[in-house]
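In what follows, a single structure is set out as structure tokens and then discussed.
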Amino acid sequence: MEKGFGTIDISDNAIREIAFRSACSVLEITDEKKQKKLKKSIDIERTPEDNIIVSMKIAVPFGKSFVETGRKLMEQVKLDIERMTGQQVVSVNVTIEDVEELGVTEQGEEETKE
């Protein structure tokens, strides 16, 4: 991407990090093990026009709408990447790979378990 008197290159790793943080926010993932699994599942591709394609695999908590969760995730990832990089995201592909069980902690709060 050229800006006036030089170029700004944004690595796929930086874009992957934006997608990861967006996904953690939407999916409310705080567990380190689940975060690592999610981060490994995110793939970034570039089109010949240098547009961005994001693909990721997620688990959705039992009882939540797959479609609504996927749609929210797609919208937030696209918005965050475009806002932060100025590059167009042409596609965010979400594969729902698993369903997490909801458990109850000792304090009586709901938590998700894989």
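Add 11 to a position in the sequence shown, counting from 1, and you land on the number used in the working numbering. Cβ coordinates follow ideal geometry from the N, Cα and C atoms, glycine included. Keep in mind it's a predicted model, so treat the numbers as computed, not measured.
By Cβ distance, which residues of its chain are closer than 7 Å to residue i, with the 5 residues on each side in sequence left out?
i       : result
Glu-108 : Lys-68, Ile-69, Ala-70
Gly-81  : Val-105, Ile-107
Have a look at the DSSP bridge pairing and note the partners of residue i.
i      : result
Ser-66 : Asp-54, Asn-104
Gly-15 : For Gly-15, which the question treats as bridged, DSSP gives no partner whatsoever.
Pro-72 : Glu-111
Got a sec? Which residues, its chain only, sit under 6 Å from residue i by beta carbon, not counting five neighbours each side?
i      : result
Gln-99 : Asn-62
Glu-56 : Ile-64
Excluding the 5 residues preceding and the 5 following residue i in the sequence, name in chain order all residues of the same chain whose CB lies nearer than 8 Å to its CB.
i      : result
Thr-58 : Ile-64, Val-101
Hey, out of the options, whose CA is closest to residue i's CA?
i       : options                         : result
Lys-83  : Leu-38, Gly-74, Glu-112         : Leu-38
Lys-50  : Phe-31, Ile-40, Asp-42          : Phe-31
Gly-126 : Phe-16, Glu-111, Glu-28, Ile-21 : Nothing can be reported for residue 126, as the shown portion of the chain is limited to 12 through 125.
Ile-92  : Ile-26, Gly-17, Ser-22          : Ile-26
Gly-97  : Phe-16, Gly-17, Ile-21          : Ile-21
Glu-86  : Val-103, Met-95, Pro-72, Ser-76 : Val-103
Check the C-beta distance from residue i over to residue j and give it rounded, since I have them as a contact under 8 Å.
i      : j      : result
Ala-34 : Val-78 : That pair is no contact at about 16 Å.
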